[in-house]
Amino acid sequence: KIKIKKRSLQSTLEKMSDEDEAPVVKKARIFYGSLEEKEKERLSREGISAAARDAVKAGIEAGNINISSGESMEMEERVSERQAEVLAEFERRKRARQITVSTDDVEVKACLRALGEPITLFGEGPAERRERLRNILSVVGPDALKKSKKEDEKAKRTHEYQQTWYHEGPSFLKEARVWLAKYSLPRAVERLDAARAHKEIPESTRTVKQQELHKALRNVNNFCSQIGDDRPISHCQFSPNSKLLVTASWSGLCKLWKVPDCTLVRTLRGHNTNVGAISFHPQATLTLEESDVNMASCAVDGSVKLWSLDSDEPVADIEGHSMRVARVAWHPSGRFLGTTCYDNSWRLWDLEIQEEILHQEGHSKGVHDLHFHPDGSLAGTGGLDAFARVWDLRTGRCIMFLEGHHKEIYSINFSPNGFHLATGSGDNTCKVWDLRQRRCMYTIPAHENLVSSVKFQPNDGHFLLTGAYDNIAKVWTHPGWSPLKTLAGHEGKVMGLDLSPDGQLIATCSYDRTFKLWMSE
1 KIKIKKRSLQ
11 STLEKMSDED
21 EAPVVKKARI
31 FYGSLEEKEK
41 ERLSREGISA
51 AARDAVKAGI
61 EAGNINISSG
71 ESMEMEERVS
81 ERQAEVLAEF
91 ERRKRARQIT
101 VSTDDVEVKA
111 CLRALGEPIT
121 LFGEGPAERR
131 ERLRNILSVV
141 GPDALKKSKK
151 EDEKAKRTHE
161 YQQTWYHEGP
171 SFLKEARVWL
181 AKYSLPRAVE
191 RLDAARAHKE
201 IPESTRTVKQ
211 QELHKALRNV
221 NNFCSQIGDD
231 RPISHCQFSP
241 NSKLLVTASW
251 SGLCKLWKVP
261 DCTLVRTLRG
271 HNTNVGAISF
281 HPQATLTLEE
291 SDVNMASCAV
301 DGSVKLWSLD
311 SDEPVADIEG
321 HSMRVARVAW
331 HPSGRFLGTT
341 CYDNSWRLWD
351 LEIQEEILHQ
361 EGHSKGVHDL
371 HFHPDGSLAG
381 TGGLDAFARV
391 WDLRTGRCIM
401 FLEGHHKEIY
411 SINFSPNGFH
421 LATGSGDNTC
431 KVWDLRQRRC
441 MYTIPAHENL
451 VSSVKFQPND
461 GHFLLTGAYD
471 NIAKVWTHPG
481 WSPLKTLAGH
491 EGKVMGLDLS
501 PDGQLIATCS
511 YDRTFKLWMS
521 E
């Protein structure tokens, strides 16, 4: 007789706690057939007679008694599928208890993102999220997170290496940079001299003037409202002599208006799609002839056109953009024209030699707005990547990286004082940056919707104007950044605004197809 001791694996697992060690299943050794040697010994000991041996032999031949040659084999462990699952779960829990997971929820989310898992599930709290990360690591192994981080760092280094490249520019770019340096340095000296002279004025006199300005701004009211087109008006700007206003529309038309009576002077026809912006030459209506190039405009189809004041047709086209051109801006000298494009770059055109002298990359998404420093030495760009950059036109370097907005930057503007810069963003805020300290000095929670346009007072920069998609524009003190006046009246989003150089008028244009003039009573 063979007695094999069996023990139920399932009952053992049910009795074990998570802290116990996994049970060791003993393998039973079983022999197939009878134990021939044992039987022979027994027969010989008992002295079985020949008749008995013949009977055993007959039984063997008949197949009733199995006699083997003593072969044996190890019986394979036959465990049910349910038992295998229980064992695997037991081992996984044991590994999970040994894994250390951060208690910082931000780090937990970052680890989940690195592993390609959703950072949060519906109704999941920090504790459940941490436990989910522990369970995932117990399956894939804690080394998977280290490998993922190493791969990300390697890819980042490779990407940075691929993005850093230099090439030799054309000779006329070097000549333009030298020209810009010679142009901007005397202007910087004049600006600093004016700042020193202003500082010599007694503080009491400056305070009185500032109070008078604030009083006048608090009395600003709607002076004129005019339907400008059949479609939304995307941009408006005063002429340098403050007697004309030009508007751009989504209908493809640009219109010249006489202010402050808002009579139509001329309709400029040339674009076939939405016009993003139109801008006056710095010397238009002052020293330029009407037949010269006095304005530049851009459209969604990538077209850029130059206009005179005495013709309804464009004087010239600037070709080279394959995607939407959002803004055009004149350099203070009037020699160069800057354009921003949704191909993640901005360009500088020399209109004297009629060439593109600079095609500057640096943003990871489309570039929306561009503005030149009053001295003509710097250019500021704002992009859809939520970052702004300040470029030195004399060297070509990015000298300041403006990081802080959470959404796209739609407007950027330098202050006449030369060291303040304002940016308006889709995160509903306007940030004021100090170029001297290279940081954001103040964040204005300006509006309840995206800020579409920001503009400093042209001459002194004593106040800041912001317009937004909450249908209003606001006037803010500088410095202090407290609200002085809310310009409410539009029925649609405020898409653009401007201040006249003489400081008498404020213009706002809107999605409601109108533009309004505001004046202090």
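Every letter in the sequence shown is one number past the one before it in the UniProt record's numbering, and letter 305, counting from 1, is 305. By construction, the Cβ of each residue, glycine as well, lies at the ideal position given by its N, Cα and C atoms. All values reported here derive from a predicted model rather than from experimental measurement.
Buried versus exposed, by CB contacts within 10 Å (16 or more), residue i
i           : result
residue 522 : What the structure shows of the chain is the stretch from 1 to 521, and residue 522 is not part of that stretch, so it cannot be assessed.
S279        : buried
T287        : exposed
P232        : buried
E19         : Bear in mind that the predicted position of E19 carries a pLDDT of just 46, short of 50, making it too unreliable to give a figure here.
E212        : exposed
I506        : buried
S171        : exposed
F238        : buried
G141        : exposed
G302        : buried
K255        : buried
N294        : buried
T339        : buried
A326        : buried
S377        : buried
D143        : exposed
T395        : exposed
K431        : buried
S510        : buried
R42         : exposed
H490        : buried
Q98         : exposed
P314        : buried
Pairwise C-alpha distance: residue j and residue i
i    : j    : result
N471 : L173 : 43 angstroms
I399 : R177 : 16 angstroms
E151 : A114 : 10 angstroms
P445 : T429 : 5 angstroms
N459 : D312 : 31 angstroms
F515 : C262 : 10 angstroms
A188 : Q354 : 27 angstroms
G426 : G404 : 12 angstroms
L245 : G116 : 54 angstroms
H363 : G270 : 30 angstroms
K485 : T381 : 28 angstroms
R92  : E361 : 50 angstroms
K305 : G276 : 12 angstroms
K94  : S102 : 18 angstroms
P126 : L112 : 12 angstroms
P332 : A181 : 13 angstroms
A248 : L268 : 9 angstroms
R129 : I136 : 11 angstroms
L370 : S345 : 11 angstroms
P501 : W250 : 26 angstroms
G228 : E168 : 47 angstroms
S242 : E319 : 31 angstroms
K407 : V259 : 36 angstroms
E89  : Q83  : 10 angstroms
D498 : C236 : 7 angstroms
K6   : V86  : Reliability of the predicted coordinates at K6 is poor, the pLDDT of 42 falling under 50, and the value obtained from them is presented with this limitation in mind. For K6 and V86, the distance between alpha carbons rounds to 20 angstroms.
K109 : G334 : 51 angstroms
Sheet register partners of residue i (DSSP bridge)
i    : result
Y342 : According to DSSP, Y342 bridges with nothing at all.
L348 : G338, L358
E403 : F387
A248 : H235, C254
F280 : M295
I318 : V304
F372 : A379
P142 : In DSSP, P142 forms no bridge with anything.
W179 : Note: W179 sits in no beta bridge, so no partner.
T267 : K255
K485 : V475
C398 : W391
Residue i: CB within 7 angstroms of a non-hydrogen atom of the ligand FAD
i   : result
E61 : Because no ligand of any kind appears in the structure shown, any question about the ligand FAD cannot be addressed here.
Kindly confirm or deny that the segment 383–402 and the segment 447–464 touch, where touching means at least three C-beta pairs closer than 8 angstroms. no
As an exercise, report each continuous beta strand (DSSP E) stretch of at least 3 residues that is fully enclosed by the UniProt repeat "WD" (402–443), in chain order. 409–414, 420–425, 430–434
Unbroken alpha helix (DSSP H) runs of length 4 or more, entirely within the UniProt repeat "WD" (444–476): which are they? none
Using 8 angstroms as the threshold, is the segment 461–478 in touch with the segment 433–441, meaning 3 or more CB pairs across them? no
Fully enclosed by the segment 181–234, which beta strand (DSSP E) runs are 3 residues long or longer? 220–227
Please specify which runs of the beta strand (DSSP E), each continuous and at least 3 residues long, are wholly inside the UniProt repeat "WD" (487–521), giving them in chain order. 494–499, 505–510, 514–520
Can at least three beta-carbon pairs, one atom from the segment 473–483 and one from the segment 197–205, be found at a separation below 8 angstroms? no
For the pair the segment 219–228 and the segment 184–200, tell me if three or more CB-CB distances fall below 8 angstroms. no
Fully enclosed by the segment 53–136, which beta strand (DSSP E) runs are 3 residues long or longer? 72–74
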